[in-house]
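> Residue numbers (the working numbering): 1 to 252.
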Ligand code: FE
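#1: By Cβ distance below 6 Å, which residues in the same chain neighbour residue 181 in space, the five residues on each side in sequence not counted?
#2: If contacts are defined as beta-carbon pairs under 8 Å, then residue 184 and residue 164 qualify, I think. What distance do you get, rounded to the angstrom?
#3: Let's see if you can read the secondary structure: which residues bound the alpha helix (DSSP H) around residue 177?
#4: Quick one, are the C-beta atoms of residue 62 and residue 40 less than 7 Å apart?
#5: If you measure between the beta carbons of residue 215 and residue 155, is that distance less than 7 Å?
#6: In the DSSP assignment, what residue or residues form a beta bridge with residue 149?
#7: List the endpoints of the continuous beta strand (DSSP E) containing residue 126.
#8: Nearest by alpha-carbon distance to residue 64: which of 247, 207, 36 and 176 is it?
#9: Taking the straight line between their C-alpha atoms, what separation do you get for residue 239 and residue 186?
#10: Please look up how many angstroms separate the CB atoms of residue 136 and residue 150, rounded, as I've assumed it's under 8 Å.
#11: How would you call residue 20, buried or exposed, if buried means at least 16 neighbouring beta carbons within 10 angstroms?
#12: Output yes or no for whether 7 Å exceeds the beta carbon distance between residue 119 and residue 144.
#13: Nearest to residue 2 by alpha carbon, out of 57, 42 and 224?
#14: Quick check: what's the CA-CA separation for residue 208 versus residue 38?
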């Protein structure tokens with residue numbers, strides 16, 4: 001278990017919590033904490049297996065700042081399963097796509113906290129964090145039908161959820177895109193909905209000034225050249241419904 005400071009300018013800090021899943025059968029997942037002044041935000045806090053450890057680590061990292069926002073990129077268990085615990089132990093407000101606000105309560109949301117799970121409309125929104133504004137960017141069908149990324153204009157990090165996920169790597173930053181591609185390809189071909197969805201996202205991503213793309217699983221993409229390489233790869237990828245016949249034939 002480790003905390004890695006991805007950015008720190010004295011008032012604004014971005015921290016990666018990695019390896020809380022610590023091997024085993026559960027897929028490796030990254031959690032991210034952003035602190036701006038006295039305000040904190042956690043991204044995709046995860047499920048029950050890691051809840052206690054991630055909550056303790058986050059409380060320590062906040063160092064007196066208040067957890068105000070819980071961002072949920074989509075509805076999957078490795079993102080949202082423990083959200084009831086997060087809402088019960090903090091005063092934070094959780095946000096998820098409007099497509100999922102009535103499904104997430106099935107993870108066991110107490111009536112007391114239901115009003116603190118709020119919807120994000122399809123076009124995204126801006127969330128105030130301390131003296132900064134985080135942009136919630138649409139990434140629908142990548143992979144969930146109601147799916148969002150967070151762009152932090154201070155650190156220039158784009159938190160990309162499952163997009164860019166890699167499985168089975170042991171490095172934190174992608175050292176070589178070509179060598180890394182095999183750790184992403186299978187996942188993206190099967191979990192991402194279509195090339196058209198990827199192209200729509202790439203158009204948005206190309207308008208952002210991005211230094212780091214930080215996925216929820218595996219290694220991050222650092223530096224403008226690597227970011228550009230990844231976006232280009234997404235633009236050209238055939239996946240999901242594009243290759244549905246081969247999926248049905250078991251040849252993904
Ligand atoms: Fe997912």
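Note that beta-carbon positions come from the ideal geometry of N, C-alpha and C, so glycine has one too.
Short version:
#1: none
#2: 7 Å
#3: 177–191
#4: yes
#5: In this structure, residue 215 keeps its C-beta atom at 7 Å or more from the C-beta atom of residue 155.
#6: 137
#7: 125–129
#8: 36
#9: Answer to the nearest angstrom: the Cα atoms are 9 Å apart.
#10: 6 Å
#11: buried
#12: no
#13: 57
#14: So the alpha carbons of these two residues sit roughly 26 Å apart.
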